[in-house]
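*Asks:* Okay, handing you the structure first.
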Amino acid sequence: MIKNFYIFSSIIFAFALSSCGKSHKAETTNALRADSFNVNDTMSIQINPKLLEYKTFVEKLDSTDATSIPKAWAKFKEVFANQSFGLCDSGFVMYQTLYDTIEVKLNEKLQSDTTNFDPLFNGEAIPKKLKDFSQQLQINGFKLLGNNGAVYISEDRNKVAQIFYPFLSENMKAYLTEIKTENSEGFAIEDSISITAHKLVERIIWYEKFMYENPNFIYFDKCKNFRKAYLSYLIGGYGKTSLYKNVGSKELSDYFNKAYTYLLSKYPGSETAKLIEPYFTALKQKQTDSVNQLYKSYVIKGMILNLH
């Protein structure tokens with residue numbers, strides 16, 4: 004039987020940074036979520052009645068009930084019709100905060116649910132109660148997913164695109180599209196990175212480029228956190244996707260050899276490449292002290308998480 008397993012699946016976050024596992028990867032995801040929507044928009048709320056109206060409405064909704072989401076959709080459309088993209092982006096941040104909170108609450112409840120969810124994923128006849136539960140989630144902007152013996156509730160990013168994209172700025176849509184793609188592709192399965200080495204590099208470079216071009220983006224800090232997490236795994240490895248093929252001989256793994264080679268050949272002028280180049284050189288030359296010193300310096304400078 005598929006076991007219930009609580010997971011942060013939104014990319015936002017969770018991104019989705021961990022599909023299964025509760026070690027430092029889960030802690031990283033929790034930290035990212037905690038900071039995800041801590042946006043300083045107080046002044047805008049004070050001076051803009053539209054934002055204040057929506058904020059007041061959202062705060063009165065039940066943050067444990069999925070049926071609050073369609074209500075938030077309807078109110079958003081009412082309040083932000085024909086408003087500026089910047090104002091709509093700020094309103095969306097308020098919505099997303101509610102969305103994330105309800106996702107967390109639903110998964111907490113799912114942990115104690117003893118229902119057999121197998122029929123949803125293995126082709127068996129689906130009992131009416133189970134079918135109704137799944138359909139109700141979909142109506143309210145969520146979906147039930149199964150992965151390697153785990154079942155969890157995730158935000159439906161297609162629904163987000165359908166409802167909110169007409170209101171949002173191009174920058175916000177680009178960001179949400181990236182999050183949607185990352186959620187779809189995943190990141191790790193059974194404590195191992197599931198995306199290719201090239202894809203990991205591309206994600207880091209996407210955030211680097213996006214932040215450079217949009218320094219005032221409302222989710223700039225969130226982008227920074229995602230890049231930092233991905234960069235941490237590029238430099239330090241992730242779970243069973245070890246930095247070394249053989250720890251004893253300090254032989255670099257094929258995965259990271261491919262990642263570093265690709266990064267330096269395709270994006271040699273990037274900030275990420277400047278960090279990786281001396282690190283890669285030290286790894287290839289098996290200069291353990293230099294590797295450790297560089298790693299420690301990146302942690303101290305706040306460039307990566309300390310995963311060791």
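Each residue of the sequence shown is one higher than the one before, starting from 4 at the first, in our numbering. All C-beta atoms in this analysis are idealised placements derived from N, C-alpha and C, irrespective of residue type, glycine included.
1. By how many angstroms is the C-alpha of Leu147 removed from the C-alpha of Val154?
2. Determine the DSSP secondary structure at Phe60, reduced to helix, strand or coil.
3. Enumerate in chain order the residues of its own chain whose CB-to-CB distance from Thr67 is below 6 Å, with the five nearest sequence positions on each side excluded.
4. Assuming Lys78 and Phe60 make a contact with CB atoms under 8 Å, what is their CB distance in whole Å?
5. Counting only beta-carbon separations shorter than 8 Å, does Lys162 have a partner in chain D?
6. For Val250, which of helix, strand or coil comes out of DSSP?
7. How many Å lie between Leu266 and Lys80 at the Cα?
8. Which partner residues does Tyr258 have in the DSSP bridge list?
9. Give the C-beta separation of Gly149 and Phe124 to the nearest angstrom, bearing in mind that I take them to be a contact with Cβ-Cβ under 8 Å.
10. Among Lys202, Ser172, Ile196, Ser195, whose alpha-carbon lies nearest the alpha-carbon of Thr184?
11. Does the stretch 295 to 303 come into contact with the stretch 243 to 253, if we say contact requires no fewer than three beta-carbon pairs (one atom in each stretch) closer than 8 Å?
12. Closest to Phe170 by C-alpha separation, out of Val82, Pro130, Leu140, Met214, would be which residue?
13. Would the beta-carbon of Glu181 fall within 8 Å of that of Trp209?
14. Quick check on the DSSP output: what are the complete alpha helix (DSSP H) runs of length 4 or more inside the stretch 58 to 120, in order along the chain?
15. For Thr275, does the count of other Cβ atoms within 10 angstroms reach 16, so buried, or fall short, so exposed?
16. Do you know offhand how far Tyr233's Cα is from Thr199's?
17. Ignore the nearest five residues each way along the sequence and tell me which others in Asn51's own chain have a CB closer than 6 Å to its CB.
18. Let me know if Asp116 comes out buried or exposed under the rule of 16 or more other beta-carbons within 10 Å of its beta-carbon.
19. Along the beta strand (DSSP E) that carries Glu1, what are the first and last residues, could you check?
20. Using alpha carbons as the reference points, say which of Ile166, Ser137, Leu133 lies closest to Ile72.
*Replies:* Straight from the coordinates:
1. 7 Å
2. In the structure shown, Phe60 sits in a helix (DSSP, three-state: H, G or I).
3. Lys108
4. Right, their Cβ atoms sit about 5 Å apart.
5. The question asks about chain D, but that chain is absent: this structure has only one protein chain.
6. coil
7. Near 42 Å, if we compare the C-alpha coordinates of Lys80 and Leu266.
8. For Tyr258, which the question treats as bridged, DSSP gives no partner whatsoever.
9. That belief holds up - the Cβ atoms of Gly149 and Phe124 are roughly 4 Å apart, short of 8 Å.
10. Lys202
11. no
12. Val82
13. yes
14. 71 to 83, 88 to 114
15. buried
16. Those two C-alpha atoms are separated by around 13 Å.
17. Here the set comprises nothing.
18. exposed
19. Limits of the chain in this structure are 4 at one end and 311 at the other, which puts residue 1 out of reach.
20. Ile166
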